[in-house]
Amino acid sequence: MTGFALLSVGGGPKERLAEEGQRLAALVENDYGRSNCLADSPGRDQLFRLDVPAAGRYAVAVAPTGAGFDPMFWVTTGSNCEVAAVSTCLNGRATEGAGRPEAKLVDFLRADTFFLVVDARGDLAGGPFVATAQPIDRGETCGTAIPLSLPARFPGTTEGRLNNLAAQQCPAGSTSIGPEQVFRLDLDAPRSLHITVLPAANGATQGAPAPNPILYVTNDCENVDMGCAGGANAAGLGGAETLDVDLAAGTWFVVVDHPNNAGGAFLLEITER
């Protein structure tokens, strides 16, 4: 039987969550093969318990960390082994192909316990993944930026977010007027970092273009260009952006932004080089 793991909602250590996700490949079986809001899913699955503290809209994201794994997920009410049979499936996502992040905005109408089912689209061996569930306003501005520690790996989405930061030349020749999500790095010493953002291959809504992320790092949210340490915007629609940047000690903001209003799911990875 699939074990339950508590998924921190709105905060908590992301490292533990990433470690939990590594278990899908070898330690779990196919206990929940059908959701009433998605197609059959005969692959291995893992359940997370979501203790939602308040009603509201949350961004739920799942991203494989191996190129061959094709996850799908749904959020439901229920308890224990009755999860698969409940009639209330709040939302889910099964659009992207193998190796791409999936994300969906989920409206919780009350504070309660819910369940996130991470499953495999096919009868496959499964694979490693990371998952998050965050209130939609987390990471909306530098004041609510999501703190990360190195190395970092965070699946998220810019769907439903606003344009709060205005970079005109970070990177040079790029104007970011779309939705963004902001992350904070508090460095106690200089660091040389390698940053990658992998977007979804499809738009967040039917008919929308694939996300075209702009990636940049700044220490000045009032004047992004003045504090810009580096940025990347070269890959085009659905392409991964990479950035190597040398940062002094202090607080820095890593921003996943867009040149237009078409946001979507992404996987952000930050490592030292």
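Going letter by letter, the sequence shown gives residues 12 to 284 in the numbering used here. C-beta atoms are modelled at their ideal positions from N, C-alpha and C, and glycine is treated no differently. All values reported here derive from a predicted model rather than from experimental measurement.
Selected residue, minimal CA-CA separation from Gly110, among Ala212, Pro64 and Thr155: Against the sequence shown, residue 110 aligns to sequence position 99. When C-alpha distances from Gly110 are compared across Ala212, Pro64 and Thr155, the shortest belongs to Ala212.
Cβ pair Ile147, Ala70 closer than 7 Å: Position 136 of the sequence shown, counted from the first residue, corresponds to residue 147. Position 59 of the sequence shown, counted from the first residue, corresponds to residue 70. A contact, by the Cβ cut-off of 7 Å.
Reduced DSSP secondary structure (H/G/I, E/B, other) of Thr143: What you label residue 143 is simply residue 132 of the sequence shown in a count that begins at 1. In this structure, Thr143 counts as strand in the three-state DSSP scheme.
Residue environment, Met237, which counts as buried when at least 16 other CB atoms sit within 10 Å: The residue given as residue 237 occupies position 226 in the sequence shown. By the 10 Å Cβ count, Met237 comes out exposed.
Limits of the unbroken beta strand (DSSP E) element including Ile188: For the purposes of this step, residue 188 is taken as the residue at position 177 of the sequence shown. Careful: Ile188 lies outside any beta strand (DSSP E) and carries neither H nor E.
Counted within 10 angstroms of its Cβ, other Cβ atoms place Gln145 as buried (16 or more) or exposed: Position 134 of the sequence shown, counted from the first residue, corresponds to residue 145. Counting of Cβ neighbours within 10 angstroms places Gln145 among the buried residues, the total reaching 16 or more.
Close Cβ partners of Arg226 (< 7 Å) along its chain, the five nearest in sequence each way excluded: As a first step, residue 226 must be located in the sequence shown, where it is residue number 215. Inspection of the sequence shows that residue 226 is occupied by Leu rather than by Arg. Once the five neighbours on either side are set aside, the close Cβ partners of Leu226 are Ile206, Val208, Gly242, Ala243, Glu252, Leu254 and Val267.
C-alpha gap between Leu120 and Ala66, whole angstroms: Numbered from 1 along the sequence shown, position 109 holds the residue referred to as residue 120. Numbered from 1 along the sequence shown, position 55 holds the residue referred to as residue 66. So the two alpha carbons sit approximately 5 Å from each other.
Minimum length 3: unbroken beta strand (DSSP E) runs contained in the region 174-235: 192-198, 202-210 and 225-229
Counted within 10 angstroms of its Cβ, other Cβ atoms place Arg68 as buried (16 or more) or exposed: In the sequence shown, the residue the question calls residue 68 occupies position 57. Classification for Arg68: exposed.
Val94 versus Leu248 - alpha carbon distance: Along the sequence shown, read from residue 1 onward, the residue named residue 94 stands at position 83. Along the sequence shown, read from residue 1 onward, the residue named residue 248 stands at position 237. For Val94, the predicted model reports a pLDDT of 49, less than 50, meaning its position is unreliable and no value from the coordinates is stated.
For Thr262, the three-state DSSP class (helix, strand or coil): Sequence index remark: in the sequence shown, residue 262 carries index 251 (1-based). Strand.
Distance between Ala178 and Thr186 (C-alpha atoms, nearest Å): Mapped onto the sequence shown, residue 186 falls at position 175. Mapped onto the sequence shown, residue 178 falls at position 167. Distance between the alpha carbons of Thr186 and Ala178 is about 6 Å.
Rounded straight-line distance, which links the Cα of Gly77 to that of Asp56: Taking the first residue of the sequence shown as position 1, residue 56 is located at position 45. Taking the first residue of the sequence shown as position 1, residue 77 is located at position 66. Whole-angstrom Cα-Cα distance: 16 Å.
Per-residue burial, Glu151 [other beta carbons within 10 Å of its own, 16 or more giving buried]: Counting from one through the sequence shown, the residue named residue 151 turns up at place 140. Glu151 comes out buried.
DSSP-derived helix/strand/coil call for Thr106: Here residue 106 is taken as the residue at index 95 of the sequence shown, counted from 1. Looking at Thr106 - three-state DSSP - the assignment turns out to be coil, as it is neither helix nor strand.
Terminal residues of the beta strand (DSSP E) in which Cys239 lies: Start at 1 with the first residue of the sequence shown, and residue 239 comes out as number 228. Looking at the DSSP string, the run of the beta strand (DSSP E) that includes Cys239 is Cys239 to Ala243.
Cβ neighbour criterion (16 or more within 10 Å) applied to Gly79: For the purposes of this step, residue 79 is taken as residue 68 along the sequence shown, with counting starting at 1. Burial call: exposed.
Candidates Gly138, Leu258, Val235 and Lys115, of which the one nearest Thr216 by Cα: Locating residue 216 in the sequence shown gives position 205, where the first residue counts as 1. Per the Cα distances, Lys115.
Among Gly275, Val193 and Asn102, nearest to Asp231 - alpha-carbon criterion: Indexing the sequence shown from 1 puts residue 231 at position 220. Ranked by how close their Cα comes to the Cα of Asp231, the residues Gly275, Val193 and Asn102 have Val193 in first place.
Nearest-angstrom Cα separation, counted from Phe126 out to Met83: For the purposes of this step, residue 83 is taken as residue 72 along the sequence shown, with counting starting at 1. For the purposes of this step, residue 126 is taken as residue 115 along the sequence shown, with counting starting at 1. If I take the Cα positions, the gap works out to 14 Å.
Any non-hydrogen atom of the ligand SAH closer than 6 Å to Ala200 Cβ: Only the bare structure without any ligand can be found here, which leaves the ligand SAH out of the picture.
Extent of the continuous beta strand (DSSP E) to which Gly67 belongs: Residue mapping note: residue 67 aligns to position 56 of the sequence shown, counting from 1. Residue range Gly67 to Pro75 is occupied by the beta strand (DSSP E) that includes Gly67.
DSSP state of Thr169 mapped onto helix, strand, coil: Sequence index remark: in the sequence shown, residue 169 carries index 158 (1-based). Looking at Thr169 - three-state DSSP - the assignment turns out to be coil, as it is neither helix nor strand.
Leu204 versus Glu170 - alpha carbon distance: Numbered from its first residue, the sequence shown carries residue 204 at position 193. Numbered from its first residue, the sequence shown carries residue 170 at position 159. Between Leu204 and Glu170, the C-alpha separation is close to 26 Å.
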